[in-house]
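Residue numbers (the UniProt record's numbering): 1 to 192.
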Amino acid sequence: VGRFNERFILSLVSCKTCLVVDEQLNILPISSHAANISALPPRSQEETQSPRDVELKELKESLQDTQPVGTLVDVCKTLDQAKGVLKFIEAISEKTLRSTVALTAARGRGKSAALGLAIAGAVAFGYSNIFVTSPSPDNLHTLFEFVFKGFDALQYQEHLDYEIIQSLNPEFSKAVVRVNVFREHRQTIQYI
Numbered sequence: 001v002g003r004f005n006e007r008f009i010l011s012l013v014s015c016k017t018c019l020v021v022d023e024q025l026n027i028l029p030i031s032s033h034a035a036n037i038s039a040l041p042p043r044s045q046e047e048t049q050s051p052r053d054v055e056l057k058e059l060k061e062s063l064q065d066t067q068p069v070g071t072l073v074d075v076c077k078t079l080d081q082a083k084g085v086l087k088f089i090e091a092i093s094e095k096t097l098r099s100t101v102a103l104t105a106a107r108g109r110g111k112s113a114a115l116g117l118a119i120a121g122a123v124a125f126g127y128s129n130i131f132v133t134s135p136s137p138d139n140l141h142t143l144f145e146f147v148f149k150g151f152d153a154l155q156y157q158e159h160l161d162y163e164i165i166q167s168l169n170p171e172f173s174k175a176v177v178r179v180n181v182f183r184e185h186r187q188t189i190q191y192i
């Protein structure tokens, strides 16, 4: 292995786009082009933010005084997540029960997180019964995680304002199947 590593590193000497560093990130002087490298000046925070990050920050600032929406949007990490939460809360706040909101995106884009925050918003708006379905309660881990993050942001406290009921079925590894909220009146988030 040692001989291979040595030959591999020596083969990179002629590569102009390769830089070899040690474990402390010190540049190793194995090629002449590395001698002329100098550090760039540090970038300001505005330069490192993408336009979407700036838009997310502006959205969060504009909603600070609008509760509970501002508090829940403040938990969001991406602009798309914040827009999803806003759209859900918009439908929730109408209280007509005649609207349907669909959210689609690729894996790992924050759909469950946005829905969890929106469910926390529905509790804040006074909805009594909220039902969640899934092939297995194990699939709802992220959703309930963000329900609880939403509760934290809204200053709900476990045991004082709500209780968590976990599945007793060993196949579901203690997944959350119900949340009983009793802050203002009896409310339930239930896996069915």
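Just so you know, even glycine gets a beta-carbon here, dropped at the ideal spot from N, CA and C.
Where residue i falls, given that 16 or more other Cβ within 10 Å makes a residue buried
i    : result
S14  : exposed
I92  : buried
G110 : buried
T48  : exposed
F4   : exposed
Separation of residue j from residue i, as counted between CA atoms
i    : j    : result
S136 : G2   : 49 Å
R107 : E171 : 24 Å
V75  : A153 : 7 Å
K77  : D65  : 19 Å
R183 : I164 : 14 Å
Q24  : R43  : 23 Å
L63  : H141 : 28 Å
I9   : V54  : 41 Å
E61  : I89  : 17 Å
I192 : S134 : 8 Å
R98  : V73  : 24 Å
G121 : R7   : 60 Å
Opposing strand residues paired with residue i [DSSP bridges]
i    : result
R178 : I165 and Q190
N129 : T188
Under 8 Å between C-beta atoms of residue i and residue j
i    : j    : result
F144 : V176 : yes
S128 : R186 : yes
V101 : I189 : no
Between the segment 104-118 and the segment 73-91, do three or more beta carbon pairs fall short of 8 Å?
-> yes
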